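Undergrad:
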Amino acid sequence: MAGMYLPVFYPISWVVGEIPYFLMATLAVVGIENGMVGIGTQCPSKFIKYWIVLFLFTLCLIYFGMMITFLAPVPTLATFAISIVTSLWVSASNVVVLLSDIKFYRWMYWSNPIQYAMNVMTSISFYCNTEGCGS
1 MAGMYLPVFY PISWVVGEIP YFLMATLAVV GIENGMVGIG TQCPSKFIKY WIVLFLFTLC
61 LIYFGMMITF LAPVPTLATF AISIVTSLWV SASNVVVLLS DIKFYRWMYW SNPIQYAMNV
121 MTSISFYCNT EGCGS
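Residue 56 in full-length UniProt numbering is what sits at position 56 of the sequence shown, and the numbering runs on without skipping anything.
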């Protein structure tokens, strides 16, 4: 086995290899999309905050998908599990169902990354200091 890498280094290389790719991909998305609609472009700090939050959110979902794929015995089970969990996260993130209407899975609202990312990106995009606003 001379010259072989330990098996633990393969998933580590996949995880580390995603970082520069998603840095550039999220920069392109935020730069083009937010520049076109004028969200988060008022100052460089808002742009960078929005970009970092989108980058971390994207990495979180990608790493979750990688984890489920590594743990699942077959790829079809991983696909099924990821689609179910992502659907539950979206429905419990106050986008589809309001927090007041969530009954038995309220814990999922507080534990999902979609809810936190949506709240942060919305507050960065649409925050207005009431003293400086026109209304």
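Just so it is clear, CB atoms sit at the ideal spot from N, CA and C, and this is done for glycine as well.
All values derive from a computational prediction rather than experimental measurement.
How long is the line joining the alpha carbons of Val30 and Tyr50, rounded to whole angstroms?
TA: The residue you call residue 30 lines up with position 30 of the sequence shown. The residue you call residue 50 lines up with position 50 of the sequence shown. Computed Cα separation, rounded: 8 angstroms.
Undergrad: Do Ala92 and Asn119 count as a contact pair if the criterion is CB distance below 8 angstroms?
TA: Within the sequence shown, numbered from 1, the residue matching residue 119 stands at position 119. Within the sequence shown, numbered from 1, the residue matching residue 92 stands at position 92. Contact flag unset, no.
Undergrad: Can you tell me whether Trp107 is buried or exposed, with buried defined as 16 or more other CB within 10 angstroms of its CB?
TA: On the sequence shown, position 107 is the one that residue 107 refers to. Only exposed fits Trp107, as fewer than 16 other CB atoms lie within 10 angstroms of its CB.
Undergrad: Which complete alpha helix (DSSP H) runs does the UniProt domain "ABC-2 type transporter transmembrane" (2-124) hold, if anything under 4 residues is left out?
TA: 9-29, 44-71, 75-91 and 106-111, all fully within the UniProt domain "ABC-2 type transporter transmembrane" (2-124).
Undergrad: Does the distance from the CB of Val53 to the CB of Ala117 come in under 8 angstroms?
TA: In the sequence shown, the residue the question calls residue 53 occupies position 53. In the sequence shown, the residue the question calls residue 117 occupies position 117. Yes; because the gap between Cβ atoms is below 8 angstroms, this pair is in contact.
Undergrad: For Phe9 and Gln42, what's the separation of their Cα atoms in angstroms?
TA: Against the sequence shown, residue 9 aligns to sequence position 9. Against the sequence shown, residue 42 aligns to sequence position 42. Going by the C-alpha atoms only, they are around 42 angstroms apart.
Undergrad: Under 7 angstroms Cβ to Cβ from Phe55, same chain only, skipping five residues before and after it: list those, please.
TA: Numbered from 1 along the sequence shown, position 55 holds the residue referred to as residue 55. For Phe55, the CB contacts under 7 angstroms within the same chain, skipping 5 residues up- and downstream, are Phe22, Leu23 and Thr26 in chain order.
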